[in-house]
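Participant:
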Amino acid sequence: MDSGEARTWVSGRTDLVTALLGVWFGIGLMIDAWAHSNLAELETFFTPWHAAFYSGFAAVSGWIIWQVWRNVRAGRQGLAAVPTGYLAGLVAIPGFAAFGFMDMMWHTFLGIETMIDILFSPSHLGLISTMLLILTTPLRSAWNAPDIAERPSLGRLFPALLGLALAGTLISLFVSYGNAMQWDGQGVVAALSMTEGGRTGDLASSILITNAVLILPVLFLVRRWRLPFGSVTVMYLVGVLMPGAQTAFDNVPILIGFVAGGLASDLLIRWLRPSAERRGAYWAFAGLSPLVTWSLYVLVASVSAGRLPAVPELWTGAPIVAGLIGLALGALLLPNAQRA
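Below, the structure is given as structure tokens:
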């Protein structure tokens with residue numbers, strides 16, 4: 057039964073707590089990802105890594121349920137008791153618990169995955185899908201919040217940025233077979249120094265996949281808000297944590313290069329002022345942001361390796377291809393300028 061009142065928004069502080077508890081949840085997954093990537097002796101579901109992961113789920117889930125319960129105690133019933141933006145996260149909680157039980161049964165009877173099969177496990181895919189809905193709760197809450205203007209402050213938008221960035225790390229994890237953020241400088245330079253062999257194709261594919269994982273959330277946000285300076289830097293800083301955990305942070309220069317790419321993208325936003333009403337600026341940003349980010353990638357890899365790649369067409373062309381892909385994605389997301 058629904059009591060019929062219009063649904064309300066939670067405060068920015070409440071969204072911030074939701075996002076920070078999501079960090080606990082996300083870091084728990086990163087620790088678990090590190091264990092699966094670096095510890096070959098895992099033989100049971102009941103590990104400290106899973107404890108960190110599932111305790112984060114319990115914390116953020118309890119907080120979301122508490123927001124609904126507060127409204128129920130105030131007399132609201134049904135959907136009217138669920139804060140705006142929190143419904144999908146609330147529904148995802150029992151779904152995540154069910155997939156968690158399925159994962160425990162899977163590990164108990166079929167064993168522990170340690171290779172690429174971990175990324176295709178049905179129970180893991182269910183966990184990640186529901187986790188994504190939980191982590192992006194602050195973003196949905198902020199989307200039409202009455203206290204968030206077209207040009208929000210970084211502080212007010214921070215919970216939404218954090219939630220979306222954490223969700224991006226889930227995608228990053230599950231495309232680990234094509235994640236350019238896991239490469240080190242020597243590997244990048246070696247791959248861009250040959251025209252035959254699988255490593256070159258592996259890196260090229262990884263650049264395209266990682267490019268989409270990075271730029272799509274940013275383009276999504278730029279279409280909605282005039283992003284405050286520092287937004288993309290925050291998102292890329294969070295984004296490098298998952299591949300860093302998987303590689304035990306053995307490729308720190310490459311990861312720092314991506315954070316620098318986020319800063320460069322913030323500078324581009326300040327210069328171009330892209331928005332849904334300024335299609336030309338939006339398209340320009342969509343192309344230039346990946347171009348700069350992947351140029352920095354090649355530069356950092358070359359400095360780290362102490363030499364340039366041997367095939368100039370590859371190391372000069374890879375950032376251009378990434379930029380063209382970004383431009384195409386920008387044109388798809390904003391085919392026509394919106395009226396102000």
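So the sequence shown is numbered by this note's numbering: it starts at 57 and just counts up by one.
From the three backbone atoms N, C-alpha and C, an ideal C-beta is built for every residue, glycine too.
To the nearest angstrom, how far is it from the Cα of residue 382 to the Cα of residue 125?
Facilitator: As a first step, residue 382 is located in the sequence shown; it is residue number 326 there, counting from the start. As a first step, residue 125 is located in the sequence shown; it is residue number 69 there, counting from the start. Distance between the alpha carbons of residue 382 and residue 125: 43 angstroms.
Participant: So, with DSSP's three-state summary, where would you put residue 279?
Facilitator: By one-based count along the sequence shown, residue 279 stands at place 223. Coil at residue 279, not helix or strand.
Participant: Whole angstroms is fine: what's the gap from residue 368's alpha carbon to residue 195's?
Facilitator: Along the sequence shown, one-based indexing puts residue 368 at 312. Along the sequence shown, one-based indexing puts residue 195 at 139. The alpha-carbon atoms of residue 368 and residue 195 are separated by roughly 41 angstroms.
Participant: Give every residue of the same chain whose Cβ lies closer than 8 angstroms to the Cβ of residue 206, excluding the five residues on either side of it in the sequence, and list them in chain order.
Facilitator: Start at 1 with the first residue of the sequence shown, and residue 206 comes out as number 150. Around residue 206: 281, 282.
Participant: When we look at the beta-carbon of residue 159 and count the other beta-carbons within 10 Å, is it buried (16 or more) or exposed?
Facilitator: Within the sequence shown, numbered from 1, the residue matching residue 159 stands at position 103. Buried.
Participant: Assuming residue 26 contacts residue 274 under a Cβ cut-off of 8 angstroms, what Cβ separation, rounded to an integer in Å, is found between them?
Facilitator: Because the chain here runs from 57 to 396, residue 26 falls outside it and cannot be looked at.
Participant: Run through the DSSP bridge pairs and tell me what residue 197 is partnered with.
Facilitator: Walking along the sequence shown from the start, residue 197 turns up at place 141. Note: residue 197 sits in no beta bridge, so no partner.
Participant: Name the residue from 161, 360, 219 whose alpha carbon lies nearest to the alpha carbon of residue 277.
Facilitator: Residue numbering aside, residue 277 sits at position 221 when the sequence shown is read from its first letter. Out of 161, 360, 219, 219 has the C-alpha closest to the C-alpha of residue 277.
Participant: Might you give, ordered along the chain, the residues of its own chain that have their beta carbon closer than 8 angstroms to the beta carbon of residue 143, omitting 5 neighbours on each side?
Facilitator: Here residue 143 refers to the residue found at position 87 when the sequence shown is read from its first residue. Closer than 8 angstroms at Cβ, skipping near neighbours: 135.
Participant: Where DSSP assigns a beta bridge to residue 331, which residues make up the other side?
Facilitator: Taking the sequence shown and counting its residues from 1, one reaches residue 331 at position 275. DSSP output for residue 331 lists 334 as bridge partner(s).
Participant: Out of curiosity, what's the CA-to-CA distance linking residue 89 and residue 298?
Facilitator: As a position in the sequence shown, residue 89 is number 33, starting the count at 1. As a position in the sequence shown, residue 298 is number 242, starting the count at 1. In a straight line, the C-alpha of residue 89 is about 8 angstroms away from that of residue 298.
Participant: Ordered along the chain, which non-local residues of its own chain (more than five positions away) have a Cβ less than 6 angstroms from that of residue 340?
Facilitator: As a first step, residue 340 must be located in the sequence shown, where it is residue number 284. So the qualifying residues of the chain are 328.
Participant: At the level of alpha carbons, what is the spacing between residue 212 and residue 311?
Facilitator: Start at 1 with the first residue of the sequence shown, and residue 212 comes out as number 156. Start at 1 with the first residue of the sequence shown, and residue 311 comes out as number 255. Using only the alpha carbons, I get a separation of about 27 angstroms.
Participant: For the putative contact between residue 120 and residue 193, defined by C-beta atoms under 8 angstroms, what is the C-beta separation to the nearest angstrom?
Facilitator: Residue numbering aside, residue 120 sits at position 64 when the sequence shown is read from its first letter. Residue numbering aside, residue 193 sits at position 137 when the sequence shown is read from its first letter. Indeed, because the Cβ distance is near 7 angstroms, the residues count as touching under 8 angstroms.
Participant: Tell me, to the nearest whole angstrom, how far the beta carbon of residue 117 is from that of residue 149; I am working on the premise that it is less than 8 angstroms.
Facilitator: For the purposes of this step, residue 117 is taken as residue 61 along the sequence shown, with counting starting at 1. For the purposes of this step, residue 149 is taken as residue 93 along the sequence shown, with counting starting at 1. The pair is a contact, with the Cβ atoms about 5 angstroms apart (cut-off 8 angstroms).
Participant: Of all the options 67, 185, 237, 190, which has the alpha carbon lying nearest to the alpha carbon of residue 356?
Facilitator: For this step, residue 356 is matched to residue 300 along the sequence shown. Cα-wise, what sits closest to residue 356 is 237.
Participant: Of the residues 243, 266, 346, 268, which one's Cα is nearest the Cα of residue 256?
Facilitator: Indexing the sequence shown from 1 puts residue 256 at position 200. That would be 243, whose Cα lies nearest to the Cα of residue 256.
Participant: Are the Cβ atoms of residue 139 and residue 79 separated by less than 8 angstroms?
Facilitator: Numbered from its first residue, the sequence shown carries residue 139 at position 83. Numbered from its first residue, the sequence shown carries residue 79 at position 23. No. Outside cutoff.
Participant: Go ahead and label residue 190 buried or exposed: buried means 16 or more other beta carbons lie within 10 angstroms of its beta carbon, across all protein chains shown.
Facilitator: Counting from 1 along the sequence shown, the entry for residue 190 is found at position 134. Under this definition residue 190 is a buried residue.
Participant: Under DSSP, the alpha helix (DSSP H) around residue 150 begins and ends at which residues?
Facilitator: Reading the sequence shown from its first residue, position 94 is the one you call residue 150. Element bounds for residue 150: 143-166.
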